[in-house]
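Colleague:
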Amino acid sequence: MTNSEVFGIIKFFKDDEYLSQLCGGKLFCNTPEFYRLHNEIGISDRSEGCTWSFRQSRGDTGAKIVVGGHSIGTLANITFRSTGMKDGWLHCWTTLVMPQDEAELEILVNDIKRIRSEFGLNYAYIPPANINPFIEYIKTLTTHEVSAGNITYSEKQREWSPICKSTSYQYQREFRILIGECQELSTEPLIIQNLKDFDDFIMKNISIEISSIDGEWIWFGINGTRDIVHNKKRTEITVI
Numbered sequence: 001m002t003n004s005e006v007f008g009i010i011k012f013f014k015d016d017e018y019l020s021q022l023c024g025g026k027l028f029c030n031t032p033e034f035y036r037l038h039n040e041i042g043i044s045d046r047s048e049g050c051t052w053s054f055r056q057s058r059g060d061t062g063a064k065i066v067v068g069g070h071s072i073g074t075l076a077n078i079t080f081r082s083t084g085m086k087d088g089w090l091h092c093w094t095t096l097v098m099p100q101d102e103a104e105l106e107i108l109v110n111d112i113k114r115i116r117s118e119f120g121l122n123y124a125y126i127p128p129a130n131i132n133p134f135i136e137y138i139k140t141l142t143t144h145e146v147s148a149g150n151i152t153y154s155e156k157q158r159e160w161s162p163i164c165k166s167t168s169y170q171y172q173r174e175f176r177i178l179i180g181e182c183q184e185l186s187t188e189p190l191i192i193q194n195l196k197d198f199d200d201f202i203m204k205n206i207s208i209e210i211s212s213i214d215g216e217w218i219w220f221g222i223n224g225t226r227d228i229v230h231n232k233k234r235t236e237i238t239v240i
């Protein structure tokens, strides 16, 4: 394993119905505020799309206006940004990158295991050749501006934005589709409904593996809801 290259993007689901809806042509996109208010591990991000947020509805405390040493009022909502980028609807996947050595393979396996534990075992998969055509096709389904690419990660809070997140989320290896512009406090999703399914682009729970050239060793393998295969001889497993 020597080539660092993308071998697809993958999106996990707890509910098979939602996966089927995506494959059937329904693109569901949440707002940044949805993630700011969420409290589930892996999904929640209070600084989604911004450097810092305060929300009274979350139970946050300490935001007030002080003039001349006297408080003249409290604030219900504050969102700080270090870039000029505004909120847009998000549709998120995980980028699969070919490991270059055993250490990177181990990280990949552990990251995918963690993502599955947080988001679910069922998945949609888009092979490399289909990624750009899929994005271009989405552009034909909406009048909103559409951009897509891998998220960067930083420990510096001032760098967080719609295209940069905390390193706490680096294991998610996010490939983000950013669509249009939404209201800052809105939790109303954007649903793009295609008139046909996405079968030309998306595969459902298909077997994916990285193996030796002779096929004897499977370094990484995922097949639907089964356990991940890691560094095993093909003869040691029953199904992949």
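Residue 240 is where the sequence shown ends in the UniProt record's numbering, and the numbering goes up by one at each step. A virtual CB, placed ideally from N, CA and C, is assigned to each residue, including glycine. Please read all numbers here as calculations on a predicted model, not as lab measurements.
#1: Count the other CB atoms within 10 Å of the CB of Arg176; is the residue buried (16 or more) or exposed (fewer)?
#2: According to the neighbour-count rule (16 or more other Cβ atoms, all chains shown, within 10 Å of its Cβ), is Glu102 buried or exposed?
#3: Buried or exposed: Glu5, going by 16 or more other Cβ atoms within 10 Å of its Cβ?
#4: In whole angstroms, what separates the C-alpha of Glu209 from that of Phe54?
#5: The alpha helix (DSSP H) that contains Arg36, what's its start and end?
#6: State the Cα-Cα distance for the pair Thr95 and Asn150, rounded to the nearest angstrom.
#7: Where do the N-terminal and C-terminal ends of the alpha helix (DSSP H) with Ala129 fall, by residue?
#8: Whole-angstrom Cβ separation of Glu181 and Lys26, contact assumed at under 8 Å?
#9: Can you pull the DSSP bridge partners for Phe13?
#10: Kindly confirm or deny that the stretch 35-45 and the stretch 198-218 touch, where touching means at least three C-beta pairs closer than 8 Å.
#11: Mind checking Phe34: buried by the 16 CB within 10 Å criterion, or exposed?
#12: Three or more C-beta pairs under 8 Å: does that hold for the stretch 75-84 against the stretch 192-204?
#13: Considering Gly221, what are the terminal residues of the beta strand (DSSP E) in which it resides?
#14: Where does Gly8 land, buried or exposed, given buried means 16+ other C-beta within 10 angstroms?
#15: Are the beta-carbon atoms of Thr31 and Leu141 separated by less than 9 Å?
#16: Output needed for Glu145: all residues of its chain with C-beta closer than 7 Å, excluding positions within five of it in sequence on either side, in chain order.
#17: Classify Glu155 as helix, strand or coil using the three-state DSSP reduction.
#18: With burial defined as no fewer than 16 other Cβ atoms inside 10 Å of the residue's Cβ, what is the status of Gln193: buried or exposed?
#19: What residues in its chain sit with their C-beta under 7 Å from that of Lys139, if we drop five residues either side in the sequence?
#20: Tyr123 to Arg114, Cα distance in whole Å?
#21: According to DSSP, what are the bridge partners of Gly149?
#22: So, with DSSP's three-state summary, where would you put Glu188?
Modeller: Once the coordinates are examined:
#1: buried
#2: exposed
#3: exposed
#4: 43 Å
#5: 32-37
#6: 7 Å
#7: 128-139
#8: So it is not a contact: roughly 21 Å between Cβ atoms.
#9: Asn122
#10: no
#11: buried
#12: no
#13: 217-222
#14: buried
#15: no
#16: Gly180
#17: coil
#18: exposed
#19: Val146
#20: 14 Å
#21: Arg176
#22: coil
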